[in-house]
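Each remark here refers to the structure printed beneath this line.
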Amino acid sequence: MSGEGAGEITIGAPATVPAVAPAVSPGVPPAVEVHDLQKTFPPHRRGRGHEPTPVLRGVSLSVQNGEHVSIIGRSGSGKSTLIRCMNLLEIPDAGVVRANGVTAFDDGLKVNGRGLVDFRRGVGMVFQQFHLFPHLTAVENVSLPMTKGIGIPKLEALSRAASMLRKVGLADKMGSFPHELSGGQQQRVAIARTLAVQPKVVLFDEPTSALDPELVGEVLEVLRELAAEGMTMVIVTHELAFAAEVSHRIVFLHNGEIAEQGSPEQVLRHPSNPRTLSFVSQFGTK
Ligand SMILES: Nc1ncnc2c1ncn2[C@@H]1O[C@H](COP(=O)(O)OP(=O)(O)OP(=O)(O)O)[C@@H](O)[C@H]1O
Ligand SMILES: [Mg+2]
1056 MSGEGAGEIT
1066 IGAPATVPAV
1076 APAVSPGVPP
1086 AVEVHDLQKT
1096 FPPHRRGRGH
1106 EPTPVLRGVS
1116 LSVQNGEHVS
1126 IIGRSGSGKS
1136 TLIRCMNLLE
1146 IPDAGVVRAN
1156 GVTAFDDGLK
1166 VNGRGLVDFR
1176 RGVGMVFQQF
1186 HLFPHLTAVE
1196 NVSLPMTKGI
1206 GIPKLEALSR
1216 AASMLRKVGL
1226 ADKMGSFPHE
1236 LSGGQQQRVA
1246 IARTLAVQPK
1256 VVLFDEPTSA
1266 LDPELVGEVL
1276 EVLRELAAEG
1286 MTMVIVTHEL
1296 AFAAEVSHRI
1306 VFLHNGEIAE
1316 QGSPEQVLRH
1326 PSNPRTLSFV
1336 SQFGTK
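All residue numbers in the sequence shown are consecutive under this note's numbering, ending with 1341.
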């Protein structure tokens, strides 16, 4: 991808994402995996009476290197909680979280300090709300995790940040502050910031749902490019057509459990679970 000087994503040909998931190589651990994740939030913060309700009820999911997995499901089904647990932004009550074979959480035992920083560096995250620092320019926002997080010297970090911003088509916005950027541009800065520390896998939590409809396309285009480059991605999204296009696998979460998973064709067009059918019917993909 090149966006040099354009201020927008300029690509030569539409990105094509391999339809088939990369083969699992024996001995190579999944990029990220969770086993039997359990999470219950305390009742007082849920505002639904006094009983704690489980939000994740034994979720297991392994994502292979190069695989693109989309997580879909109704509001409140636990999608954000699941991917936040996958990089330990949320701490599960029980279960196992592992990245590239390294265990970061195992039934209450969690890596800390340097181990946690290294783990999170490998499992990047992009949020619905971009979470940029308002007093820093685009290039400073992107370089910050490199200088503060992994000790890359400032000049090198700025140069890497500039190249990441070019990659997402923002070559002419390096010195702009977040308030000078559109939502789509801010989200592309946030994606550049996540990519800058070279994560092994990126988790996206509804990366386009805070955007005005006309800005969704430019962000999806960046995601499409990343997918075409073979980046390992887990995407929580309500954009089912996009999920169908880029995903090797779609996971339908219902009430904190994986109700169904499979290829986009299988889950979106021929769902076997009535709850999946009812969900996808609303979006007109079935
Ligand atoms: N920090 C929290 N404290 C208390 N309850 C929470 C917290 N975070 C999430 N919940 C509750 O957990 C449930 C699942 O929330 P989650 O955000 O994972 O759902 P979601 O599938 O991402 O929904 P949406 O599509 O609306 O983003 C919801 O009932 C929510 O209210
Ligand atoms: Mg959510």
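Ideal Cβ placement from N, Cα and C applies to all residues, glycine included.
- For Met1180, the uninterrupted beta strand (DSSP E) segment begins and ends at 1178 to 1181.
- For Lys1134, the enclosing alpha helix (DSSP H) stretches over residues 1134 to 1141.
- Counting of Cβ neighbours within 10 angstroms places Val1172 among the exposed residues, the total staying below 16.
- Excluding its 5 nearest sequence neighbours in each direction, Gln1241 has C-beta neighbours in its own chain below 8 Å: Phe1185, Leu1187, Pro1233, listed in chain order.
- At least one heavy atom of ligand 1 falls within 8 Å of the beta-carbon of Pro1097.
- Note that the stretch 1135 to 1152 touches the stretch 1085 to 1096; at least 3 beta-carbon pairs, one per stretch, sit closer than 8 Å.
- Annotation note: the stretch 1292 to 1335 contains the following uninterrupted alpha helix (DSSP H) runs of length 4 or greater, listed N- to C-terminal: 1295 to 1301.
- Rounded to the nearest whole angstrom, the C-alpha separation of Val1079 and Gln1119 is 7 Å.
- With respect to Ala1212, Met1201 sits close: the two C-beta atoms are nearer than 9 Å.
- Taking all protein chains in view, the Cβ of Gly1128 is crowded by 16 or more other Cβ atoms within 10 Å, so the residue is classified as buried.
- Shortest gap from the CB of Gln1337 to any heavy atom of ligand 2: 8 Å or more.
- A straight line joining the alpha-carbon of Ala1299 with that of Leu1111 spans about 25 Å.
- Here Asp1162 is not bridged, per DSSP, to any residue.
- For Ser1237, the closest alpha carbon among the candidates Phe1259, Val1274, Arg1215 is that of Val1274.
- Distance check between His1090 and each of Thr1108, Met1141, Glu1122 places Met1141 closest, using alpha-carbon atoms only.
- Cβ-Cβ distances below 8 Å link Val1244 to Phe1185, Leu1187, Ala1193, Asn1196, Val1197, Leu1220, Val1223, Leu1225, Lys1228, Pro1233, Leu1236 in the same chain, with the five nearest sequence neighbours on each side left out; the list follows chain order.
- Of the other Cβ atoms in all chains shown, 16 or more fall within 10 Å of the Cβ of His1123; this residue is therefore buried.
- Residue pairing by DSSP puts Met1288 in a beta bridge opposite His1123, Val1257.
- For Thr1249, the enclosing alpha helix (DSSP H) begins and ends at 1238 to 1251.
- The alpha carbon of Gly1170 has as its nearest neighbour, out of Val1181, Val1157, Ala1216, Pro1085, the alpha carbon of Val1157.
- Of the heavy atoms belonging to ligand 1, at least one sits nearer than 8 Å to the Cβ of Glu1261.
- Here the alpha carbon of Gly1206 sits roughly 12 Å from the alpha carbon of Arg1176.
- Counting only the Cα atoms, His1105 lies some 20 Å from Thr1136.
- In the structure shown, Gln1337 falls within a helical segment according to DSSP collapsed to helix, strand and coil.
- Relative to the non-hydrogen atoms of ligand 2, the Cβ of Gln1119 never comes closer than 8 Å to any of them.
- Straight across, the Cα-Cα distance linking Ser1132 with Pro1208 is about 42 Å.
- Rounded to whole angstroms, Ile1146 and Pro1268 show a C-alpha spacing of 33 Å.
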